[in-house]
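Here's the structure, in structure tokens; my notes come after.
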Amino acid sequence: MNYTCLALNGVISVGAYLMAIRIIPRFREMFIKANLYGKDLCKKDQTQVPESLGVLIGCVFLVAMFLFIPVPFTLEDTAAMDVTTGGKPSTFPHEEFVELIVALLSICCMILLGFADDVLDLRWRHKLMLPTMATLPLLMVYYVNYNSTTVIMPKFVRSFVGESLDIGVLYYIYMGMLAVFCTNAINILAGINGLEVGQSIIIAGSILVFNVIELYLGHQIDGHKFSIYLMLPFFAVSLALWKYNNSTQHNGRDLHDGSKEMMQLLKPATPTNINQQVQQQLLHNQHNHNHLHQHHQQQTFTKGTWTKRFILWSILLIQFGFILCFWLMQLGLSDKLNETTGSNHELEENRIHFVQSAALKASQKLKADGKVLEVTNFQWPSRDLKFQNEFLLHKNTYNLSEAEKIMFGETALWCFKEGTVNETRLKGSIEWDDSNPWQENCECWPEWHGRDCGQPEVIWRALLTAKMPYKVKDPTREEAHRLVYMLEGAFLNLDLMELQIKAVSKVVDYFIVYLKRHPINNKDLKAIKFRLKQLLPMKNYFLYHCKLPAYNNCSSAEAYRLFRQQQLPTNAIKPTDIFIFTDDKTILGHRALNFLKYYGSDLAPVIQFRLKFTIYGFYWQHPQQTYLSGLISSFQNIDNADANPTLLLTQITSQHRQQQPSLVIGDLNHFGGWFCKYCQEPDEIIAELHLIQSSSNHKLTSNSTLTASASSPSKSIQNTVVFPADKKHSSNIDAAYVQQLISTGIYLKDGKTQLQKVRRFSDKYYAPHYASEQSWKYGHLLINIYESLEDLLASDNEDEMPMSWLVSWLKFLRDPRSGCGSNPKSREEYPSQVFVGDTFCYFAGMTFAVVGIIGHFSKTLILFFLPQIINFLYSIPQLFKFVPCPRHRLPKYDPKSDLLHISTTEFNKNELNILGKIMVTILKTFKLITWQEMPDGRVITNNFTLINFVLVVFGPVHEKVVTQMLMAVQVCCTILAFVIRYPLASYFYDS
């Protein structure tokens, strides 16, 4: 085979790349003056950006191809000049020449029609006709040259229809639909910088690799050479456009000085607001809801309009279905190839067997259901302080599955006393009755320690902290203690409240939810009530709402007193039952609490736990600071302390009450408890630090009680650790300084210690277990948006260093503000200099369709569009109006954090028809969408696009990261396409 033509095509492609690189910046101002510009909605700086630059590189592509036309028809042997006649030989490839000319004609028509769409802003129904019009020349030439409409059938149907089947005119319909599909597939998965060009580059590269493989195998040489002739110049000009579509050249003008860089970096959404597009819709967008709802109700459609819409969408669906069926018929993929192997989602507990004993009989009493208490005519004490009693008291019967009952209830005594046995030790010939496997060196869970794995780490760490001998005793009673959990706080974040409750809902018997924030508007209160109803049965919790403006009158003692007054004699709380008291920044470990259900009364003396202390947020370094975030005690101890949990907590933290038989929550690991100290905005931290630094008393206050609400920093100073004086920054506590503290946290050892960063400990181990399991929902609560790569690498152990690059990359995918050597300036340089416009989408799609049709590999071509097909299927509920669809479904940009959030749509649940409800149910079941239902029937969900789905899975990220993720998906699907095309297809077709 003569490679000269391919080499010259490559040289011309390089020239096309260099030409495009030079002319794109020269035409920027010209497009802006012609009013062909837009504004980047995903950037803070709303500067004018020229769009429709696809027409420019389309012209460069055409020029390159026009220059290449003489090459294959001059250098190829079949086109060599006849030396006798001096003219073209009889072997001249007239058909190939016409195909190339017509291919360029179709691409040229598509470029012009695409540019018309950019200029005239055509409606979507017209966009379906444009590719069909541009394909007509190609189809006519195909009819004249080939008119081959025979399809090779898969092996398993040849006994019914024969080895081949002539489908006639349907083949031309298929090719026309292919052009419509390719152009709109690129256009529908778009909207963020670099995405349209990026996916086109990957598809073009995939086609080139496929062509090279086929040439090596000797299959359809002419068709694949023709494909390479078109794909190389397209790949080159697309690279040039991509260079300007995903980065900005400042032309020597620095847009960000050092201070601005830090200030821009210091304006992200806080962890409590990191997924705020849904929360804001739930709590603060009533006006927008009314406007959208009224607007939706005002939309009336005539019968003719509905008929036209139905016909047009039916045509589109039929086109897509026809292409899919035709492709499956030819490729011969059976349903078996599409089956996915179910992942093993068994809980870790189900992979561990526990030794059973006579304790099983005693623990079976836990299955008995407690009586439902109905307090209908309760009279509040005649006092000025008023709380709001919402729901009734009921004993938690665990609500566990049978497998979970074995884990948490029936064998819990042996679990905690004797330890765990790995299931692999029980698969041999050793019988349960003939061995004591717990006496061996069994494999422990991460949170269990001791020679027999029989000691929870929450106790093991307590022994180290207390420096006292301790031995776990047998339970003094057969029935487990009841646990009452009083959760006090303002609940600035509903996801955090949900996580706190869900993490222990299977262990705690009663919940007391005490809202001390005042004032709280009715909308926020309704949202909290509604979320609680979704989390717990109404009979399993109380909700107390402080209605007085004075914080000192709304105390935990009053909430506790009112709870105790409602205990009926028939089901009164026993003195040995356990009371748990924490603020709204603590997440408990369910296994540690399950331990207390059996051993709580035997825990003595007081054990103080070390807990991480950070200045901001979640998932950070452990700063060597002991902080008492709550208490666990029997009801008898609290009653003896004047029924005041806060007073009891203060007493047991003093040196004179070290022998108080109560347990303080918190540990070096998340199984005992997990904590967030300051969940505040940076400006709130600055204000508090300034206030503290200006105070005359700089001594460390170590006897702090529960943290006050983050929404009122001025009131929390008296109840939090006071920072010592810092001479270096006493008059310069600015955003840059706070960012340095936030990056890894701070610790305070004594009154002389200065504020400083800590790099000694890695905190990856301390994420709440439930939050880690449900990271798709609570992952945004676990990310330190300020953590840098240097801090991560500095905290990693040497044994973990080989994986540190993977950790840092995953953290960067989750949020580009952490790791990978990024800096604020490089992130701000991501906005594009140019927009590609619909012109490029049509240009790229038609180019792919042309090479697929002329090269006779249209079925393989569709394989390279797997992400686009997935995006279309995911979007069907909104595209076909089964779910209300806004005009624009682009992700929502947060200028404060410079991150993209999911865009949402809001509607009334009753607006869904039967098909819409079925589709939504399926998507909700597989957790493919977010879904928030309001008490008034409103629903807030994300828009159904692949871009929004990435944000649903990974949470808010930078625009550049979204593009990189989608490009990674495109590459993975390309690999899958090659697997389908070669190893799998050989089972259905002759090699």
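Per full-length UniProt numbering, the sequence shown starts with residue 1, numbered consecutively. Glycine included, each C-beta is placed from N, C-alpha and C at the ideal position.
Across which residues does DSSP place residue i in a beta bridge pair?
i	result
Met486	Ile512 and Phe581
Ile152	Ser164
Glu933	Val939
Val957	Leu900
Tyr216	Tyr216 pairs with nothing; no bridge assigned.
Asn908	Arg938
Do residue i and residue j have their C-beta atoms closer together than 8 Å?
i	j	result
Asn912	Val883	The sequence given here has Leu at residue 912, not Asn. Contact: yes.
Met65	Leu6	no
Leu36	Ser52	yes
Val484	Ile580	yes
Phe864	Ile203	yes
Leu120	Ala134	no
Ile24	Tyr244	yes
Gln199	Gln878	no
Phe949	Leu928	yes
Arg28	Val834	yes
Pro575	Phe635	yes
Pro137	Ser106	yes
Ile528	Leu494	yes
Asn246	Thr963	yes
I believe residue i touches residue j by the beta-carbon criterion, under 8 Å. Please report the beta-carbon distance rounded to the nearest angstrom.
i	j	result
Phe843	Gly54	6 Å
Phe840	Glu196	6 Å
Thr941	Thr925	About 14 Å; that fails the 8 Å criterion.
His901	Asp894	6 Å
Leu890	Leu41	7 Å
Gly845	Ala185	7 Å
Ile854	Phe226	6 Å
With 16 as the cutoff for other CB atoms within 10 Å, does residue i come out buried or exposed?
i	result
Arg512	In the sequence as presented, Arg is not what sits at residue 512; that position holds Ile. By the 10 Å Cβ count, Ile512 comes out buried.
Gly168	exposed
Ile12	buried
Pro921	Residue identity differs from the one stated: residue 921 is Thr in this sequence, not Pro. Classification for Thr921: exposed.
His94	exposed
Thr586	buried
Gly821	With a pLDDT of 33 at Gly821, under the threshold of 50, the predicted position of this residue should be treated as unreliable, though the coordinate-derived value follows. With fewer than 16 other Cβ atoms within 10 Å, it is exposed.
Arg22	exposed
Gln566	exposed
Glu163	exposed
Met231	buried
His224	buried
Ala179	buried
Tyr544	buried
Leu18	exposed
Met140	exposed
Asp118	buried
Ala34	exposed
Val144	exposed
residue 1003	Lying outside 1 to 991, the shown extent of the chain, residue 1003 is not represented and no answer is given.
Cys182	buried
Leu241	buried
Relative to the C-alpha of residue i, which candidate in the options has its C-alpha closest?
i	options	result
Met486	Ile578, Lys533, Asn522 and Met538	Ile578
Val979	Cys108, Asn187 and Phe210	Phe210
residue 1054	Asp524, Tyr171 and His590	Residue numbering for the chain in the displayed model covers 1 to 991; residue 1054 lies beyond these limits and cannot be assessed.
Leu100	Phe92, Ile152 and Val850	Val850
Gly191	Met934, Ser903, Thr941 and Tyr982	Ser903
Ile501	Arg22, Ala559, Leu593 and Lys523	Leu593
Lys597	Tyr874, Ala480 and Met538	Ala480
Met967	Ala559, Pro867, Leu535 and Tyr989	Pro867
Thr860	Leu976, Lys892 and Ile947	Leu976
Val961	Leu923, Phe988 and Leu899	Leu899
Ser67	Pro50, Met110, Gly10 and Phe31	The sequence shown places Leu at residue 67, rather than the Ser named in the question. Per the Cα distances, Gly10.
Leu215	Gln48, Glu96, Tyr3 and Cys885	Tyr3
Gly955	Tyr778, Tyr514 and Tyr560	Tyr778
Glu933	Lys533, Arg981 and Tyr541	Lys533
Measure from the C-beta of residue i to each C-beta in chain C and report whether the shortest distance is under 8 Å.
i	result
Ile173	Within the model displayed, chain C is absent; a lone protein chain is all it includes.
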